[in-house]
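Peer 1:
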Amino acid sequence: MEDNFVAHQLSPSSWSRYEECPRKYWLSRQRLPRKASMPAAMGTAVHNSVEDICNLDISDREESEIGWLPPTAKAILDRHWALEKATFLDTPRHPRWKDEMITKAHDGLVGALNILFSKSRMEKTALSEVSVGMWREVQSMVLANEGTLVSECGRLMGRLDLLVADLDEEGNSLGWIVADLKTGKPPKIDLNEKVSRQLRFYRDLLKQNNPGHPPLHAEGWYSANQTVHRADGPSVLDDAMTAWEGMRHSETPLEGTPDSQSCGFCEWKAWCPTWWAARRDGTLPPGGVFRDEVVNLLRFDPQSGAALFERAPPLGDDGEVGRSEQKFGALLRDQALTHMRELCDSNHEGPIFIGSAKADGKVMHLGDWSEVLPWTPLLKSIRE
Ligand code: SF4
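Numbering-wise (the numbering used here), the sequence shown opens with residue 1330 and increments by one.
This is how it looks when you write it as structure tokens:
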């Protein structure tokens, strides 16, 4: 048997991360403090609620009962929302929790249930009018939900949202639909290549694992506008296997490929020297109103949150930084202030990474949306 046989598995998200920037993927495998995000928490709450509603035990209820679905869905969402909130606030790095986003989550859940209902080929009905009997029919169409798919070789894996029967107008099954629920922005026309590939990945794994499968296709279900997008195209499993090879564990960091897109949303900047060197070299633009910096702290008043920073320019490409004449004042509030106080109390003396500092005036502003972390370029794996 090969070394590390199941030590790494490629999933659609790790594949995308690796493709965006191999170093980002490498850092994501280092068990560094995770960062929670509001869209991800919202997506999980909606997904888990859909799963629970699909699995709901309604065997002891009256067939004709109506008016039960909206309050049941809301109660289920409220429960998952509270669970997500607890996980989010427990995650070492997190911005402010936005309770008000539950409205969007609720709209997403209603959108998802409507798509599910439309797939049952029953006449379009408001959710408040869906009877217990009708929902039983929807449930009978769902063949599986939230299953884990693993390839025969164990190297590829994905979490399947829904596998439903593909029904025609008369309710006869034509085959299977593997569906992935999307709570993000729907595509204007076609699915982007990354999403299409992710959907085909589920499709192809399912085909591989079920040799006698009926006709099968993959769809993205966008809850925001209740649109369904089908992903067609050749198998992606060979490409996935090639990527898997490159994603093997490595003691030294994989190469970084900095650009505005991948670095913009990268949560591992405090551990990556590459983007900072790319900023110096002009290959990565400085960003707009919200920007990231590596700084030396010259003065800090823990009471008012006023700070004076000096930009710490990179020396070489491995994260070492120096001194400069570029000084700027900043005002820290809320979480940013707490984190800076903690950093000072821990007697941290080296450079500091500040993420998402708002630079729209003479003084920078840091708040709940920002990050304050020790600058810790990681040049060797810390995985056991
Ligand atoms: S900051 Fe940019 S270069 Fe560094 S790991 Fe992230 S995406 Fe890659």
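Glycine residues also receive a C-beta, built at the ideal position from the N, C-alpha and C atoms.
By how many angstroms is the C-alpha of Thr1432 removed from the C-alpha of Asp1407?
Peer 2: Whole-angstrom Cα-Cα distance: 11 angstroms.
Peer 1: Skipping 5 residues on each side, what residues in its chain have a beta carbon closer than 6 angstroms to that of Glu1475?
Peer 2: Excluding positions up to five away in sequence, the list reads Glu1380.
Peer 1: Tell me, please, whether the region 1489-1506 touches the region 1385-1399 by the rule of three or more beta-carbon pairs shorter than 8 angstroms.
Peer 2: Output reads no: the region 1385-1399 does not touch the region 1489-1506.
Peer 1: Taking C-beta to C-beta, are Lys1353 and Cys1595 nearer than 8 angstroms?
Peer 2: Yes. Within cutoff.
Peer 1: I need the straight-line Cα distance from Asp1674 to Pro1703, nearest angstrom please.
Peer 2: Taking the straight line joining both Cα atoms gives about 13 angstroms.
Peer 1: Please classify His1409 as buried or exposed, where buried requires at least 16 neighbouring CB atoms within 10 angstroms.
Peer 2: The residue is buried, with at least 16 neighbouring Cβ atoms inside 10 Å.
Peer 1: Pop quiz: Ser1606 and Asp1646 are said to be a contact at Cβ under 8 angstroms. What is the actual Cβ separation, rounded to whole angstroms?
Peer 2: The question names Ser, but residue 1606 is Ala in the sequence shown. That belief holds up - the Cβ atoms of Ala1606 and Asp1646 are roughly 5 angstroms apart, short of 8 angstroms.
Peer 1: Are the Cβ atoms of Pro1544 and Gly1513 separated by less than 8 angstroms?
Peer 2: Cβ distance not < 8 angstroms, so Pro1544 and Gly1513 don't count as in contact.
Peer 1: From Ser1340 to Ser1480, what distance separates their C-alpha atoms?
Peer 2: Taking the straight line joining both Cα atoms gives about 11 angstroms.
Peer 1: Measuring alpha carbon to alpha carbon, tell me which residue in Asp1621, Gln1537, Leu1708 and Ser1552 is nearest Ser1699.
Peer 2: It is Asp1621.
Peer 1: Thinking C-alpha only, which one of Ala1370, Arg1425 and Val1439 is nearest Tyr1551?
Peer 2: For the residues Ala1370, Arg1425 and Val1439, the minimum Cα distance to Tyr1551 belongs to Val1439.
Peer 1: CA-CA distance, Leu1707 and Thr1586?
Peer 2: Using only the alpha carbons, I get a separation of about 16 angstroms.
Peer 1: If you reduce the DSSP assignment to three classes, tell me which class Pro1703 lands in.
Peer 2: Reduced to three states, the DSSP call for Pro1703 is strand.
Peer 1: Scan the region 1549-1593 and note each continuous beta strand (DSSP E) run of 3 residues or more that stays entirely inside, going in chain order.
Peer 2: If we require 3 residues or more, the beta strand (DSSP E) runs fully inside the region 1549-1593 come out as 1556-1560.
Peer 1: Got a sec? Which residues, its chain only, sit under 7 angstroms from Asn1377 by beta carbon, not counting five neighbours each side?
Peer 2: Hits under 7 angstroms: His1409.
Peer 1: Quick check on the contact list: which residues have their beta carbon closer than 6 angstroms to a heavy atom of the ligand SF4?
Peer 2: Working through the chain, the matches are Cys1350, Arg1352, Lys1353, Leu1356, Gly1585, Pro1587, Ser1591, Cys1592, Cys1595, Trp1597, Lys1598, Cys1601, Thr1603 and Trp1604.
Peer 1: Look at the alpha carbon of Gly1634 and the alpha carbon of Pro1642, and state the distance between them as a whole number of angstroms.
Peer 2: Looking at the two C-alpha atoms, the distance is approximately 24 angstroms.
Peer 1: Let me know the secondary structure DSSP gives Ile1444 once reduced to three states.
Peer 2: Here Ile1444 sits in helix by DSSP.
Peer 1: List in chain order: all unbroken alpha helix (DSSP H) runs of 4+ residues lying wholly within the region 1344-1414.
Peer 2: Runs found: 1351-1357 and 1367-1384.
Peer 1: Could you check what DSSP says for Lys1656 in three-state terms: helix, strand or coil?
Peer 2: Residue state, collapsed to three classes: strand.
Peer 1: Relative to the C-alpha of Lys1523, which candidate in Thr1556, Gly1562 and Asn1539 has its C-alpha closest?
Peer 2: Lys1523 has its Cα closest to that of Gly1562, out of Thr1556, Gly1562 and Asn1539.
Peer 1: Nearest by alpha-carbon distance to Pro1286: which of Ser1591, Lys1414, Val1701 and Asn1676 is it?
Peer 2: The structure shown does not extend to residue 1286, since the chain is modelled only from 1330 to 1713, so the question has no answer here.
Peer 1: Taking Gly1500 as the reference, give the member of Asp1663, Met1451 and Val1557 with the closest Cα.
Peer 2: For Gly1500, the nearest C-alpha among the options comes from Met1451.
Peer 1: Going along the chain, which residues of its own chain have a beta-carbon closer than 7 angstroms to the beta-carbon of Gln1555, five neighbours each way excluded?
Peer 2: Excluding residues within five positions, the ones whose Cβ falls inside 7 angstroms are Gly1440, Asn1443 and Ile1444.
Peer 1: Between Glu1425 and Trp1597, what straight-line distance do the alpha-carbon atoms span, to the nearest angstrom?
Peer 2: The identity of residue 1425 in the sequence shown is Arg, whereas the question assumes Glu. Rounded to the nearest angstrom, the two C-alpha atoms are 19 angstroms apart.
Peer 1: Roughly how many angstroms separate the alpha carbons of Asn1676 and Asp1610, rounded to a whole number?
Peer 2: Rounded to the nearest angstrom, the two C-alpha atoms are 32 angstroms apart.
Peer 1: Within 10 angstroms of its Cβ, does Gly1393 collect 16 or more other Cβ (buried), or is it exposed?
Peer 2: Gly is not the amino acid found at residue 1393; the sequence shown has Ser there. Under this definition Ser1393 is an exposed residue.
Peer 1: Any idea which residues DSSP pairs Lys1687 with across the strands?
Peer 2: Partner(s): Phe1619 and His1694.
Peer 1: Rounded to whole angstroms, how far is the Cβ of Ala1494 from the Cβ of Met1470, which I believe are closer than 8 angstroms?
Peer 2: Indeed they touch by this definition, with Cβ atoms about 5 angstroms apart.
Peer 1: Suppose the cutoff is 7 angstroms on Cβ atoms and the five residues either side in sequence are ignored; what does the same chain contact list for Gly1684 look like?
Peer 2: Answer for Gly1684: Lys1598, Asp1621, Ser1699 and Glu1700, listed in chain order.
Peer 1: So Trp1691 and Phe1619 are supposed to be a Cβ contact under 8 angstroms. How far apart are they, rounded?
Peer 2: First, the residue type needs correcting, since residue 1691 is Lys and not Trp in the sequence shown. That belief does not hold up - the Cβ atoms of Lys1691 and Phe1619 are roughly 16 angstroms apart, past 8 angstroms.
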